[in-house]
DNA sequence: TATTACATTTGACCTAAGTCAAAAAACCTA
DNA sequence: TAGGTTTTTTGACTTAGGTCAAATGTAATA
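Residue numbers (our numbering), protein chains in the order written: chain A, 4 to 252; chain B, 4 to 252.
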């Protein structure tokens, strides 16, 4: 049953999209495949760093935990995203001397989450031979920096209602974008629905928005009372997108 | 009186430290020098992006503002730091079509803050000729990502007392590190003082810690009441470094 | 259909930190 | 050194959002 892990998987990763077959083969030779069930840990922060990850299937949360046990999700990673690249570039020496550590915790949040791990040391020497790939990394890291910037902006300057509104709008626009892509490639028209399906649990959503489950629940209710959305389990119907956008701006 | 801006300034920028004289000359030819007084704006977010900045003198705050006027400082930039690189790599097309914007606000927080600006478009073509420099950028951006990660961790998981304690410890360790550097190069022994000198105003410190002036003031007082520190204007004497470290951990 | 487990909501309460206003210190600069 | 400006502190008050505990809902399994 186990899916074979080959060059075709690699091609879908944005980071490697410009590489030739032989270069992809090289990457493949320094990577290995791993599969996780929901709740399994990929790595803890402070754990020795071995390599960076690419997601093939499922999703993974990257999070920090306070001494009191409160958790904050910094990123959710989906197929064809990569993560754990920071230690690769932060300090080459540390990587070569096995002194680098992962900077964050990573846990699979879906069953059958499949990843592959690119070993850092051989990758570093590869990088020097093919410097074009560093431009891809620069783009990836820059986008991540911008995301984090926005995340900080939300956490410090917006209340939870605004953060939630922004999350819903972002999800809505992402699915719209994906639908357009599918329509373009498959030449079909998809029925546009004014609703989104939460891809993560409400617990995780709360943790990502920098709050707790109870407060999230009450905030959903507030938006419902204002007739802006309607919540049915994981399905969020958007009743008044204008108002929702005015909150999220 | 105006300081001449030349290759020697460039050499001190970490990003360019490995470049040859001729390469530095190239960078110089696509840069220009600027000087700002305290409170002057370098750029606003949403303003068209022209190039990234290197600090020569003084300091600059990078910050976001909420609609209600509350400000949050994400970074403080000091001499030989670079900033505003993200748009360069985030989307080349946007830069080439003049569609990129600065992602954040930048304001000088000292008089005689000197910077130079490297124009993005010529720099992009330069980058393709000398790919080694992208490794430097990768290292810079990775370090920035890690900083932001820690910043988020503080904002979401620690209360203000802990954030302040951590700030003081970090400043303390940075000055210690700088002192060691000076001792090494100048072959002298500096008197080690168990105190730090705040390099920014308390207003800015509050904004950087994700709070307001009044709360910061009360938090300083709490740490004083616990005999952990003593505050005299901008000078913070550390009385009990062990306790301070236990808070900041 | 009962059984158990897990996810979500609700209620009552508490507290850290924000707001507003005023006083006090510190700091320029003439 | 006086006067004005800016920065910082203090006090009284409010509030968003966290905590704890219990109730309800949902889904999966036997």
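Where is the CB? At the ideal position from N, CA and C, for every residue including glycine.
Could you check whether the Cβ of residue 90/B sits closer than 9 Å to any Cβ belonging to chain A? yes
Going straight from the alpha carbon of residue 175/A to that of residue 193/A, what length do you get? 15 Å
Quick check on the DSSP output: the alpha helix (DSSP H) that includes residue 255/B runs from which residue to which? Residue 255/B falls outside the range modelled here, since chain B spans only 4 to 252, and no answer is possible.
Checking the sheet assignment: what are the DSSP bridge partners for residue 65/A? 78/A, 109/A
Answer yes if the segment 80-99 of chain B comes into contact with the segment 240-252 of chain A, meaning at least three C-beta pairs across the two stretches below 8 Å, and no otherwise. no
Could you spell out the range, first to last residue, of the beta strand (DSSP E) harbouring residue 240/A? 238-241
Leaving out five residues before and five after residue 44/B in sequence, what residues of the same chain have Cβ atoms less than 6 Å from its Cβ? 110
So, is the C-beta of residue 4/A closer than 9 Å to a C-beta in chain B? Since pLDDT at residue 4/A reaches only 41, below the 50 mark, its modelled position is unreliable, and the value read off the structure follows with that caveat. Taking Cβ atoms only, chain B never reaches closer than 9 Å to residue 4/A, which makes this a no.
Just to make sure I have the definition right: I need the residues of chain A whose C-beta is within less than 7 Å of the C-beta of residue 213/B. Which are they? 159
What does the Cβ neighbour count give for residue 240/B, buried or exposed, with the cut at 16 atoms within 10 Å? exposed
Proximal residues to residue 113/B (C-beta, below 6 Å), its chain only, five neighbours per side dropped: Excluding sequence neighbours, residue 113/B sits near 41, 61, 62.
Residues of the segment 25-52 of chain A in Cβ contact with chain B at a cutoff of 7 Å, in chain order, please. none
Quick check: the segment 72-84 of chain A against the segment 194-212 of chain A, are at least 3 beta-carbon pairs closer than 8 Å? yes
For residue 75/B, which residues in chain A fall below 8 Å Cβ to Cβ? The answer, in chain order, is 155, 156, 159, 160.
For residue 178/A, which residues from the same chain have a beta carbon less than 7 Å from its beta carbon, with the 5 sequence-adjacent residues on both sides left out? 199
Counting only Cβ-Cβ distances shorter than 9 Å, please list the residues of the segment 129-141 of chain B near chain A, keeping chain order. 130, 131, 134, 135, 137, 138, 140, 141
Please decide whether residue 244/A counts as near chain B, where near means a Cβ-Cβ distance under 9 Å. no
Counting only Cβ pairs nearer than 8 Å, list the residues of chain A close to residue 2/B. Nothing about residue 2/B can be read from this structure; chain B reaches only from 4 to 252.
Rounded to whole angstroms, what's the CA-CA distance from residue 25/A to residue 37/B? Just pull it up for me. Separation of residue 25/A and residue 37/B (C-alpha to C-alpha, rounded to the nearest whole angstrom) is 48 Å.
Taking C-beta to C-beta, are residue 185/A and residue 83/A nearer than 9 Å? Contact flag unset, no.
Within this structure, are the beta carbons of residue 263/B and residue 230/B separated by less than 9 Å? Since the first and last residues shown for chain B are 4 and 252, residue 263/B lies out of range.
Can you check DSSP and say which residues form a bridge with residue 133/B? Answer is none; residue 133/B lacks a bridge partner.
For residue 9/B and residue 223/B, what's the separation of their Cα atoms in angstroms? The straight-line gap from Cα to Cα measures roughly 43 Å.
Counting Cβ pairs, one atom from each stretch, are 3 or more of them under 8 Å apart for the segment 146-163 of chain A and the segment 119-137 of chain A? no
Option in 49/A, 33/A, 221/A, 227/A with minimal Cα separation from residue 107/A: If you compare the alpha carbons of 49/A, 33/A, 221/A, 227/A with that of residue 107/A, the shortest gap goes to 49/A.
For residue 56/B, which option in 158/B, 19/B, 217/B, 189/B has the closest C-alpha, if you only look at C-alpha atoms? Out of 158/B, 19/B, 217/B, 189/B, 19/B has the C-alpha closest to the C-alpha of residue 56/B.
Tell me which residue opens and which closes the beta strand (DSSP E) that residue 190/B is part of. Membership of residue 190/B in any beta strand (DSSP E) is not indicated, and neither H nor E is assigned to it by DSSP.
So what does DSSP say about residue 254/A, is it helix, strand or coil? Residue 254/A cannot be examined here, being either before or after the span of chain A that is shown, 4 to 252.
Between which residues of its own chain and residue 103/A is the CB-CB distance below 6 Å, once the five residues before and five after are set aside? Around residue 103/A: 52, 90, 97.
Contact under 9 Å by Cβ, residue 33/B with residue 118/B: Against a cut-off of 9 Å, the Cβ pair of residue 118/B and residue 33/B comes out as no contact.
Taking 9 Å as the threshold (beta carbon to beta carbon), is residue 163/A in contact with chain B? no
Where residue 17/B sits in the DSSP three-state scheme: In this structure, residue 17/B counts as helix in the three-state DSSP scheme.
So, for residue 93/A: in the same chain, excluding its five sequence neighbours on each side, which residues have a beta-carbon less than 8 Å away from its beta-carbon? 103
Identity of the residue in 47/B, 54/B, 213/B, 161/B nearest residue 30/B by Cα: 54/B
Is residue 78/B closer than 9 Å to residue 147/B when the C-beta atoms are compared? yes
Which residues in chain B sit within 7 Å of residue 1/A, going by Cβ to Cβ distance? Absent from the model: residue 1/A. The displayed extent of chain A is 4 to 252, so no value can be given.
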